[in-house]
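Before any comments, here is the structure.
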Amino acid sequence: MGNFTAVILDFETTGLSPNYGDRTIEVGAVLVTNNRITDRFQSLMNPGMKISSFIEDYTGITNRMLSDAPAINEVMQKLKSFIARHPLVAHNASFDSRFLDAEFGRINHRRVNEFACSMLISRRIYPDAPNHRLETLVRYKSLKTDGIHHRALADAEMTAHLWISMINDIKSDYCRNEVPFGLMQQLAKTKRKKVQELLLDT
DNA sequence: TGCCAGGCCCTCTTTAGGGCCTT
Numbered sequence: 120m121g122n123f124t125a126v127i128l129d130f131e132t133t134g135l136s137p138n139y140g141d142r143t144i145e146v147g148a149v150l151v152t153n154n155r156i157t158d159r160f161q162s163l164m165n166p167g168m169k170i171s172s173f174i175e176d177y178t179g180i181t182n183r184m185l186s187d188a189p190a191i192n193e194v195m196q197k198l199k200s201f202i203a204r205h206p207l208v209a210h211n212a213s214f215d216s217r218f219l220d221a222e223f224g225r226i227n228h229r230r231v232n233e234f235a236c237s238m239l240i241s242r243r244i245y246p247d248a249p250n251h252r253l254e255t256l257v258r259y260k261s262l263k264t265d266g267i268h269h270r271a272l273a274d275a276e277m278t279a280h281l282w283i284s285m286i287n288d289i290k291s292d293y294c295r296n297e298v299p300f301g302l303m304q305q306l307a308k309t310k311r312k313k314v315q316e317l318l319l320d321t
C-alpha cells in the first residue's frame with residue numbers, strides 16, 4: 120500500500136501550439152506501478168498534414184512514416200483506455216497536457232486525470248543540475264537510457280526513470296516510506312526556499 | 001495577409017523583462 124500508479128507520457132507533435140493548428144504525431148506512455156515500469160503504449164499518428172523538415176530532423180519521424188500511420192482519433196481512443204483514470208506525468212507537463220486535452224477534445228472526451236510536471240519538480244529536487252532538460256537530467260542522475268532522444272516512447276521511459284529517481288531520492292533524503300502523487304504535485308508549486316520545509320513537515 | 005505558444009521563475013520585480021522547457 121502507499122505506492123501509487125501513474126502514467127508517464129510524451130508527445131511528438133508538428134509544432135508548439137495546438138491553438139495554432141499543431142497536431143500530435145506520436146505518443147509514448149508507460150505505466151509505473153510500485154516504482155517500476157509495468158506496461159508500455161506507443162503509436163505514430165497521421166496528422167493529415169505534411170510535417171516540416173525541422174520536425175523530421177528533430178524527431179527522425181518522416182512524412183513517409185506518418186502516411187502509413189493510423190488516424191489520431193483512433194490512437195486517442197486507445198490512449199484513453201491506457202491512461203484510464205491514472206494520474207499523469209510529463210516533462211514540462213503544460214506542453215503535453217495542452218496537446219492531450221486538444222486531441223481528447225476532438226474525440227469529445229474530457230480529461231479527468233491529474234497531471235504532474237517532472238520538470239518543475241526536478242527544479243526543486245535537483246537545483247544544482249546544469250539545466251532541467253530531460254536529456255541533461257538523465258545524464259546528471261545516470262539514469263537508464265537507450266540513447267534515443269525525441270521519440271515518444273524513449274522520452275516517456277526516460278521521464279519515468281527520472282520520476283522514480285526523484286521519488287527514491289525524496290524517500291532516502293527525508294526518511295519517508297512513501298511519496299504520494301499529491302505531494303509531488305505540491306512540490307511543483309512550492310517556492311524553492313520552502314521545499315525543505317514542505318518535505319520535512321508533511 | 002500575416003501574425004502566431006504558454007506557463008513558470010528569477011530579479012537589477014510587482015507600473016517588467018527575459019530565460020527556461022516542451023515540438
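In terms of this note's numbering, the first sequence opens at residue 120 and continues consecutively. C-beta: ideal position from N, C-alpha, C; glycine also. Bear in mind the structure is a predicted one, so any value in this text is a computation, not a measurement.
On the CB-based measure, 16 or more other CB atoms within 10 Å of its CB, does residue i come out buried or exposed?
i: VAL146; result: buried
i: SER136; result: exposed
i: ILE174; result: buried
i: GLU297; result: exposed
i: PRO108; result: For the chain, the structure presents residues 120 to 321; residue 108 sits outside this window and is missing.
i: ASP187; result: exposed
i: MET168; result: exposed
i: ALA190; result: exposed
i: MET120; result: Bear in mind that a pLDDT of 40 at MET120, under 50, signals an unreliable position, so the number given afterwards is only what the model happens to contain. Under this definition MET120 is an exposed residue.
Return the Cβ separation of residue i and residue j in integer angstroms, given the expectation that the two are a contact with Cβ distance under 8 Å.
i: MET195; j: GLU233; result: That pair is no contact at about 19 Å.
i: HIS280; j: TYR177; result: Not a contact, Cβ separation roughly 22 Å.
i: HIS251; j: SER241; result: 5 Å
i: VAL314; j: ARG243; result: 5 Å
i: THR264; j: MET285; result: Not confirmed; about 16 Å, so no contact.
If you follow the beta strand (DSSP E) that residue i is part of, which residue opens it and which one closes it?
i: ILE240; result: Run containing ILE240: none in the beta strand (DSSP E); it sits in the alpha helix (DSSP H), 237-244.
i: GLU175; result: Here GLU175 belongs to no beta strand (DSSP E); instead the alpha helix (DSSP H) covers 172-178.
Within this structure, are the beta carbons of residue i and residue j separated by less than 9 Å?
i: LEU317; j: GLN304; result: no
i: ALA148; j: LEU198; result: yes
i: VAL126; j: HIS205; result: yes
i: ILE202; j: LEU128; result: yes
i: LEU239; j: ARG230; result: no
i: PHE214; j: PHE130; result: yes
i: VAL257; j: ALA235; result: no
i: TYR259; j: ALA248; result: yes
i: ILE170; j: ASN182; result: yes
i: ARG217; j: ASN138; result: yes
Following the continuous alpha helix (DSSP H) through residue i, name the residue where it begins and the one where it ends.
i: ILE286; result: 271-292
i: GLU254; result: 253-259
i: ILE127; result: ILE127 -> not in any alpha helix (DSSP H); beta strand (DSSP E) instead, spanning 125-132.
i: ILE191; result: 191-202
i: SER136; result: No alpha helix (DSSP H) contains SER136, which DSSP labels as neither H nor E.
i: ALA209; result: Here ALA209 belongs to no alpha helix (DSSP H); instead the beta strand (DSSP E) covers 207-209.
i: MET184; result: 182-186
i: GLY224; result: 212-225
i: LYS308; result: 300-308
i: GLU316; result: 314-320
Looking only at DSSP bridge pairs, what is residue i linked to?
i: ILE144; result: DSSP, once it has assigned bridges, lists no residue as partnering ILE144.
i: SER162; result: VAL146
i: ILE156; result: VAL151
i: PHE234; result: LEU207
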